[in-house]
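Take a look at the structure below.
There are 4 protein chains.
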Amino acid sequence: MELGLVGLGRMGGNMRERIRRAGHTVVGYAPDTPGADVHSLRDLVDALAAPRVVWLMVPAGAVTQSVVDELSGLLAPGDVIVDGGNSRWTDDAKHAEQLAELGIGFVDCGVSGGVWGLENGYALMYGGDDEHVAKVKPIFEALKPEGEFGSVHAGRVGAGHFAKMVHNGIEYAMMQAFAEGWELLEAADEVTDVREVFRSWQEGTVIRSWLLDLAVRALDQDEHLDQLRGYAADSGEGRWTVEAAIDNAVPLPAITASLFARFSSRQDDSPQMKMVAALRNQFGGHAVEGSE
Amino acid sequence: MELGLVGLGRMGGNMRERIRRAGHTVVGYAPDTPGADVHSLRDLVDALAAPRVVWLMVPAGAVTQSVVDELSGLLAPGDVIVDGGNSRWTDDAKHAEQLAELGIGFVDCGVSGGVWGLENGYALMYGGDDEHVAKVKPIFEALKPEGEFGSVHAGRVGAGHFAKMVHNGIEYAMMQAFAEGWELLEAADEVTDVREVFRSWQEGTVIRSWLLDLAVRALDQDEHLDQLRGYAADSGEGRWTVEAAIDNAVPLPAITASLFARFSSRQDDSPQMKMVAALRNQFGGHAVEGSE
Amino acid sequence: MELGLVGLGRMGGNMRERIRRAGHTVVGYAPDTPGADVHSLRDLVDALAAPRVVWLMVPAGAVTQSVVDELSGLLAPGDVIVDGGNSRWTDDAKHAEQLAELGIGFVDCGVSGGVWGLENGYALMYGGDDEHVAKVKPIFEALKPEGEFGSVHAGRVGAGHFAKMVHNGIEYAMMQAFAEGWELLEAADEVTDVREVFRSWQEGTVIRSWLLDLAVRALDQDEHLDQLRGYAADSGEGRWTVEAAIDNAVPLPAITASLFARFSSRQDDSPQMKMVAALRNQFGGHAVEGSE
Amino acid sequence: MELGLVGLGRMGGNMRERIRRAGHTVVGYAPDTPGADVHSLRDLVDALAAPRVVWLMVPAGAVTQSVVDELSGLLAPGDVIVDGGNSRWTDDAKHAEQLAELGIGFVDCGVSGGVWGLENGYALMYGGDDEHVAKVKPIFEALKPEGEFGSVHAGRVGAGHFAKMVHNGIEYAMMQAFAEGWELLEAADEVTDVREVFRSWQEGTVIRSWLLDLAVRALDQDEHLDQLRGYAADSGEGRWTVEAAIDNAVPLPAITASLFARFSSRQDDSPQMKMVAALRNQFGGHAVEGSE
Numbered sequence: 068m069e070l071g072l073v074g075l076g077r078m079g080g081n082m083r084e085r086i087r088r089a090g091h092t093v094v095g096y097a098p099d100t101p102g103a104d105v106h107s108l109r110d111l112v113d114a115l116a117a118p119r120v121v122w123l124m125v126p127a128g129a130v131t132q133s134v135v136d137e138l139s140g141l142l143a144p145g146d147v148i149v150d151g152g153n154s155r156w157t158d159d160a161k162h163a164e165q166l167a168e169l170g171i172g173f174v175d176c177g178v179s180g181g182v183w184g185l186e187n188g189y190a191l192m193y194g195g196d197d198e199h200v201a202k203v204k205p206i207f208e209a210l211k212p213e214g215e216f217g218s219v220h221a222g223r224v225g226a227g228h229f230a231k232m233v234h235n236g237i238e239y240a241m242m243q244a245f246a247e248g249w250e251l252l253e254a255a256d257e258v259t260d261v262r263e264v265f266r267s268w269q270e271g272t273v274i275r276s277w278l279l280d281l282a283v284r285a286l287d288q289d290e291h292l293d294q295l296r297g298y299a300a301d302s303g304e305g306r307w308t309v310e311a312a313i314d315n316a317v318p319l320p321a322i323t324a325s326l327f328a329r330f331s332s333r334q335d336d337s338p339q340m341k342m343v344a345a346l347r348n349q350f351g352g353h354a355v356e357g358s359e
Numbered sequence: 068m069e070l071g072l073v074g075l076g077r078m079g080g081n082m083r084e085r086i087r088r089a090g091h092t093v094v095g096y097a098p099d100t101p102g103a104d105v106h107s108l109r110d111l112v113d114a115l116a117a118p119r120v121v122w123l124m125v126p127a128g129a130v131t132q133s134v135v136d137e138l139s140g141l142l143a144p145g146d147v148i149v150d151g152g153n154s155r156w157t158d159d160a161k162h163a164e165q166l167a168e169l170g171i172g173f174v175d176c177g178v179s180g181g182v183w184g185l186e187n188g189y190a191l192m193y194g195g196d197d198e199h200v201a202k203v204k205p206i207f208e209a210l211k212p213e214g215e216f217g218s219v220h221a222g223r224v225g226a227g228h229f230a231k232m233v234h235n236g237i238e239y240a241m242m243q244a245f246a247e248g249w250e251l252l253e254a255a256d257e258v259t260d261v262r263e264v265f266r267s268w269q270e271g272t273v274i275r276s277w278l279l280d281l282a283v284r285a286l287d288q289d290e291h292l293d294q295l296r297g298y299a300a301d302s303g304e305g306r307w308t309v310e311a312a313i314d315n316a317v318p319l320p321a322i323t324a325s326l327f328a329r330f331s332s333r334q335d336d337s338p339q340m341k342m343v344a345a346l347r348n349q350f351g352g353h354a355v356e357g358s359e
Numbered sequence: 068m069e070l071g072l073v074g075l076g077r078m079g080g081n082m083r084e085r086i087r088r089a090g091h092t093v094v095g096y097a098p099d100t101p102g103a104d105v106h107s108l109r110d111l112v113d114a115l116a117a118p119r120v121v122w123l124m125v126p127a128g129a130v131t132q133s134v135v136d137e138l139s140g141l142l143a144p145g146d147v148i149v150d151g152g153n154s155r156w157t158d159d160a161k162h163a164e165q166l167a168e169l170g171i172g173f174v175d176c177g178v179s180g181g182v183w184g185l186e187n188g189y190a191l192m193y194g195g196d197d198e199h200v201a202k203v204k205p206i207f208e209a210l211k212p213e214g215e216f217g218s219v220h221a222g223r224v225g226a227g228h229f230a231k232m233v234h235n236g237i238e239y240a241m242m243q244a245f246a247e248g249w250e251l252l253e254a255a256d257e258v259t260d261v262r263e264v265f266r267s268w269q270e271g272t273v274i275r276s277w278l279l280d281l282a283v284r285a286l287d288q289d290e291h292l293d294q295l296r297g298y299a300a301d302s303g304e305g306r307w308t309v310e311a312a313i314d315n316a317v318p319l320p321a322i323t324a325s326l327f328a329r330f331s332s333r334q335d336d337s338p339q340m341k342m343v344a345a346l347r348n349q350f351g352g353h354a355v356e357g358s359e
Numbered sequence: 068m069e070l071g072l073v074g075l076g077r078m079g080g081n082m083r084e085r086i087r088r089a090g091h092t093v094v095g096y097a098p099d100t101p102g103a104d105v106h107s108l109r110d111l112v113d114a115l116a117a118p119r120v121v122w123l124m125v126p127a128g129a130v131t132q133s134v135v136d137e138l139s140g141l142l143a144p145g146d147v148i149v150d151g152g153n154s155r156w157t158d159d160a161k162h163a164e165q166l167a168e169l170g171i172g173f174v175d176c177g178v179s180g181g182v183w184g185l186e187n188g189y190a191l192m193y194g195g196d197d198e199h200v201a202k203v204k205p206i207f208e209a210l211k212p213e214g215e216f217g218s219v220h221a222g223r224v225g226a227g228h229f230a231k232m233v234h235n236g237i238e239y240a241m242m243q244a245f246a247e248g249w250e251l252l253e254a255a256d257e258v259t260d261v262r263e264v265f266r267s268w269q270e271g272t273v274i275r276s277w278l279l280d281l282a283v284r285a286l287d288q289d290e291h292l293d294q295l296r297g298y299a300a301d302s303g304e305g306r307w308t309v310e311a312a313i314d315n316a317v318p319l320p321a322i323t324a325s326l327f328a329r330f331s332s333r334q335d336d337s338p339q340m341k342m343v344a345a346l347r348n349q350f351g352g353h354a355v356e357g358s359e
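Chains as they are written, first to last, in this note's numbering: chain A, 68 to 359; chain B, 68 to 359; chain C, 68 to 359; chain D, 68 to 359.
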């Protein structure tokens, strides 16, 4: 089938390649991008036969909104937009409603797989009406990993991004789990070779996992991670997971701790610990350290 | 080779079977146990040719200590004791010292694999002197999973149990991660079929792991876990992990949150939340609920 | 001066009394309430001479919005509405904008003090333009505690509720702090009489505080809090505090832990701990407890 | 009465002064200290009439042990040692037993009050047998704050330090509470003048407390704490509180979060966040920052 693909970055570019390998036609567009197949959204729409499927792989928020807005003026009833970016699930219903008034379908799709997706396939969690999902199905089949797992119709519009968001929340805490364990092994002097312990865990243990394999891979490149700074960005899904939990009165102590650890990692100095230091000095005369 | 095995419970029994399948001779003992091969520690020692290797698979703490004590009077210089139970790593140096005075070697070994170990193999993390480890090596080979991973000589005496302890700490937080994500998906009404979302995650995602596979298996047996109580025991390693972290001034927020969630799960009512309720009532006149 | 007061519940009723004691005229209204001075918002507005000040002490969200809506059709340019309820600070700008179009001023005011406010005074944190604040000033003076502290013009519209929200976030963690300490003292058997230890702390310690005084008061009424259930509601400010922290990438581990402890306290059984129990059973054959 | 006082540091020196102001005789000793009244423990013991009371105000652990050891050879049956330092409560029973064999009494006493104790009095939590406590009573009376609160006989030997330890655990979380709230107010731009908000909270609020007063005092000295580094030491009691909680299976999420925040504050770079950064890079190609 034919697919319009908007966004050709790290994710979008590889996805175009994987879909093409499966025998589909992909018309890829991204502004001012050398490898783009067309040079405007209008050209992209014109290049596709109706009913069209256009997959967005662009930054969540304002960029996604502007592409949806522009496409809503170019597409025709019966066409379908898939938002495969990292949008907040609460945006999906708004987009679906906006497009439904024009007879355009909307499917949201959370995509996992990162730089490995081209070879291994991308895990897909999508939401939307059956009729719209059906039109995208061949593309889902092309993108997903081989085997019986790796894609799911998670529910109505928004369910895909919601499922992906929770996936990322879990991912935060799993990464934090390995990170805490690694730091403790490195700090204590019981274990001679921490990397070899991590390596051994890849078979037979309860914690064997892809993230563990990646940890070993990272340690093989830099045994004590000396080349890195302890600085971790966050792309939104972790925050939204905690907010969704608060809305539902669900306690998420480990996931939230993982999010907060990232926040702290990005502070050059901790304001709250200045206050703790100030209070200790006030009541106990404990020494404080001056700022640098 | 010949191995003496003390303890024939869920773990020990299966381990005897796996070692025998590898062609070794195992003399198994456990008090008042129908399947025991001998009926006393003395008989066990007598049944083995020197130099002997005796593997303990008994409860940590007092039981392990009493078996070490009794064996220290029965074994001869050149023999080796392996503690494969869930001992605290701080016990290992004591046992090694006690036995070294008698010329008996000591190796500590953390064992992971649970009820799946018989078929899949057991992950092994061991600590001790090279000469003692060498005597046990064929048994390690028999127990470990096939493939290149699954066993590691982690360092000096105590390093094996220390590595296993940290493994379990990581395991706590990974389980908590999946548990938190699952609760949130069940509580929110975005996702139609939470189990299918979990199932789909088994390929292509960042969080694919053996624990995820087990979660799907559990949900296939009881889709909403209605048959279970939210009650989780802890066997010590999580506590020791946090204590080791405190000793090393390493922050472990996710692992500790996971441990505390288990503590809370075992309380019929929460004393600390009684105090919070009492304080809210005191300052705000907020309603309180009476105990049942 | 004259004040219109909408809402005569636990807070509003006492505030009317305190303002009257200071010599002001209060026209109080609440629907279907015996002690109301007038029987409609229209009557309330008619009873006041312009420029009017009307203070809302009603539930946050829909109720506050409907009262603002109705008053916006009754008040005149130059009048001022004060929202003294527990509104989310993000509602304040909306209300201020809606009213500014009609020439009506808006001031938001966080109020602390609970059932003790009538005698001790209410701590006030308010936000808004100087000209609007000035019209309410005599009422602020009447409500606030004696002495130099207890009220603050925190900034523009929304700043009052924001400051009150953070106050409550701090309050959550302080209550949790005393609650955790109390539970530990009760659980360990070192201290003979936990209540007497709490009582002693009221002078000379670093933790002396009003909440500690209230804890002693609660323990004097029920030494081990046997009459209470460990169940704590939350009224929104704690949730909003965590959300504001996430928006600002500020880590709030203690405050968030306190919020989550309340969430957990309200669950009859913990879904997430069911999953932990299920996973332990899957890999280790650990016993699970059936639901009741 | 007469008191021997060992240790004349920040705490001991002021305590000597306060006890003298109450009319008692204090013989103070500290090695190589200009203001010492005697120049050896032997001189100190010789300067006191039996039955003697000797109060230790020296660093916990090895120093306290060595002083107890030396005094045990100098004192006589009927004498009493008071350990007023920050000893771990588990040391107390050992000291009591060691001294009881010689007929010497032992009382442990947690002391709170810091640099303010000289003027305001010291809060005291002590443990031990009634007969030993009785001999120290006049000193407790001299040290404690005026008023009805501020000292407690918390139980048997060890109970004093245990109560003080929990006091400090609570203190950690209260400090963290104010610190988190302060950071959030500073980070958000809702509130114009954070210091004035803190100042206002000193009356009428639920969170009014001595620590809040000290926070205002610190902000008056340095409005945004620009002179300080966000670096907080810990003196042991917080760690022991968490360990005691683990021993008793009591969840302490807020206190533990406060302890871990201090650990993190002392790390130049976070090893665990290096691992998180490494994993994000491995699966997603996310940029990492190099170490400096």
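Cβ atoms here follow ideal geometry from the backbone N, Cα and C, with glycine treated the same way.
Computed from a predicted structure; not experimentally measured.
Residue 143 (chain A) - DSSP class collapsed to helix/strand/coil = Reduced to three states, the DSSP call for residue 143 (chain A) is coil.
Alpha-carbon spacing of residue 281 (chain A) relative to residue 139 (chain A), whole angstroms = Each residue's alpha carbon lies about 41 Å from the other.
ask   = In whole angstroms, what is the alpha-carbon distance linking residue 213 (chain D) and residue 238 (chain D)?
value = Using only the alpha carbons, I get a separation of about 22 Å.
inquiry  = Our contact map puts residue 328 (chain D) next to residue 243 (chain C) with C-beta atoms below 8 Å; I'd like the distance itself, whole angstroms only.
reply    = The C-beta distance from residue 328 (chain D) to residue 243 (chain C) rounds to 15 Å, too long to fall under 8 Å, and the pair is not in contact.
inquiry  = Any beta carbon of chain D sitting closer than 8 Å to that of residue 323 (chain B)?
reply    = At least one chain D Cβ lies under 8 Å of residue 323 (chain B).
message = Report the start-end ranges of each beta strand (DSSP E) in the segment 132-219 of chain A that is 3 residues or longer and not cut off at the edges.
response = Qualifying beta strand (DSSP E) stretches, in chain order: 147-150, 172-179 and 190-194.
inquiry  = Using only CA atoms, which one of D:253, D:234, D:316 and D:97 lies nearest to residue 279 (chain C)?
reply    = Nearest option by C-alpha distance: D:234.
key: chain B within 8 Å of residue 300 (chain D), Cβ atoms only   = Not one chain B Cβ lies under 8 Å of residue 300 (chain D).
task = Consult DSSP for residue 96 (chain B) and reduce its assignment to one of helix, strand or coil.
result = Three-state DSSP puts residue 96 (chain B) in a strand.
query = Which of the three DSSP states, helix, strand or coil, is assigned to residue 359 (chain C)?
reply = Annotation note: pLDDT 48 at residue 359 (chain C) (below 50); position unreliable, no value reported.
query = Does residue 237 (chain A) get closer than 8 Å to chain B when you measure Cβ to Cβ?
reply = For residue 237 (chain A), the answer is yes, since a Cβ of chain B falls inside 8 Å of its Cβ.
inquiry  = Taking the alpha helix (DSSP H) that residue 121 (chain C) belongs to, which residues open and close that run?
reply    = Segment 120-123 is the beta strand (DSSP E) holding residue 121 (chain C); no alpha helix (DSSP H) there.
request  = Compute the beta-carbon to beta-carbon distance between residue 303 (chain A) and residue 155 (chain A), rounded to the nearest angstrom, for a pair I have assumed lies under 8 Å.
outcome  = Contact between residue 303 (chain A) and residue 155 (chain A) holds, since their C-beta atoms are separated by about 7 Å, short of 8 Å.
message = Assuming contact is defined by CB atoms lying nearer than 8 Å, are residue 143 (chain B) and residue 117 (chain B) in contact in what I supplied?
response = Yes.
ask   = From the beta carbon of residue 247 (chain D), is the nearest beta carbon of chain G less than 8 Å away?
value = In the structure shown, chain G cannot be found, because the protein chains are A, B, C and D.
ask   = Can you tell me whether residue 359 (chain A) is buried or exposed, with buried defined as 16 or more other CB within 10 angstroms of its CB?
value = Per-residue confidence for residue 359 (chain A) stands at a pLDDT of 48, beneath the threshold of 50, marking its modelled position as unreliable; the derived number appears in the next sentence. Classification of residue 359 (chain A): exposed, given that the 10 Å Cβ count is below 16.
query = Whose CA, out of A:317, A:310, A:316 and A:314, lies closest to the CA of residue 314 (chain C)?
reply = Comparing Cα-Cα distances from residue 314 (chain C) to each of A:317, A:310, A:316 and A:314, the minimum goes to A:310.
ask   = What first and last residue would you give for the beta strand (DSSP E) that runs through residue 73 (chain B)?
value = Counting along the chain, the unbroken beta strand (DSSP E) around residue 73 (chain B) starts and ends at 69-73.
request  = Could you say if the segment 75-88 of chain B and the segment 328-337 of chain D meet the contact criterion of at least three C-beta pairs nearer than 8 Å?
outcome  = The segment 75-88 of chain B, when compared against the segment 328-337 of chain D, does not touch it at the 8 Å Cβ threshold.
Contact between the segment 118-134 of chain A and the segment 147-161 of chain A (3+ Cβ pairs under 8 Å) = Contact between the segment 118-134 of chain A and the segment 147-161 of chain A is present, because at least three Cβ pairs lie under 8 Å.
ask   = Are the C-beta of residue 355 (chain C) and some C-beta of chain B separated by less than 8 Å?
value = Output row for residue 355 (chain C): interface = yes.
query = From which residue to which residue does the alpha helix (DSSP H) around residue 239 (chain D) run?
reply = Following the DSSP letters along the chain, one finds residue 239 (chain D) inside the alpha helix (DSSP H) bounded by residues 226-254.
Beta bridge counterpart(s) of residue 276 (chain B) as assigned by DSSP = Looking at the DSSP assignment, residue 276 (chain B) forms a beta bridge with A:276.
request  = Closer than 8 Å by beta-carbon distance: list the chain A residues that pair up with residue 183 (chain D), in chain order.
outcome  = The contacting residues are 350.
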